[in-house]
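So for the sequence shown, the working numbering puts the first residue at 17; every next one is plus one. Even glycine gets a Cβ: it sits at the ideal position worked out from N, Cα and C.
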Amino acid sequence: MIKYGLIAFLLFACSAATAEHPSTAPLAASQQQLSKLLNQYKGKIVLLDFWASLCSPCRRSFPWFIAMQSKYQEQGLKVIAVNIDVERSDADVFLTEFAVNFNIIYDPDAVIGRQYQLKGMPSSFLIDKEGIVRYQHTGFLADKLDLYESHIKELIAN
């Protein structure tokens with residue numbers, strides 16, 4: 017189980033360059049943005065999704081994420097979608113097809129994706145109110161939508 021508070025700490029700790037550690041790389045902009053959002057959403061349920069514009073299942077998943085954000089936002093669900101396209105213009109074209117109602121983070125170097133050790137596309141992580149990853153879904157399967165939604169309801173209820 018991963019705590020997003022711990023992830024945020026590790027991300028920031030890794031970015032602190034000091035004279036003793038001059039080779040420590042600063043945080044990528046995408047890492048900073050995700051860390052900020054995860055801190056902002058403490059006490060909420062976070063659905064963290066990784067996607068790419070050429071991914072057919074990603075295209076099918078977006079209407080569902082939009083619907084879940086609308087349906088459960090009052091109960092504390094926050095969707096964050098991390099795009100890993102190298103060219104932002106590809107992601108921008110993809111997004112013109114959808115009325116997105118959640119945060120988009122652009123991660124062209126897949127820095128965040130590597131941290132989450134993605135196994136396929138799309139990959140989603142459902143994070144509880146304490147910041148612990150409770151569920152991980154790889155792919156987007158229409159016959160599992162009830163299961164996916166039941167995981168959201170379970171975390172909202174707890």
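Secondary structure of PHE114 (DSSP, three-state): coil.
Membership of LEU163 in any beta strand (DSSP E) is not indicated; the residue belongs instead to the alpha helix (DSSP H) covering 161-173. Take the alpha-carbon of ARG104 and the one of LYS169: they are about 33 Å apart. Its chain contains LEU63, PHE81, GLN85, PHE118 as the residues whose beta carbon lies nearer than 6 Å to that of VAL95, once the 5 sequence neighbours on both sides are disregarded; these appear in chain order. Counting C-beta pairs closer than 8 Å gives fewer than three between the region 144-160 and the region 121-130, which falls short of the contact rule. Between the alpha carbons of HIS167 and PHE141 lies a gap of roughly 11 Å. Secondary structure in the region 34-83: the alpha helix (DSSP H) runs of 4 residues or longer, each lying completely within the stretch, are 45-56 in chain order. The residue from ASN174, ASP65, ALA45, LEU54 with its alpha-carbon nearest to that of PHE156 is ASP65. With respect to the C-alpha of VAL98, the residue from LYS60, TYR122, GLU113, PHE114 having the closest C-alpha is TYR122. Taking a C-beta distance under 8 Å as the contact criterion, GLY136 and THR154 qualify as a contact pair.
Cβ contact annotation for SER69 (same chain, cutoff 6 Å, sequence separation greater than five): ASP101, ASP106, ALA107, PHE110, in chain order.
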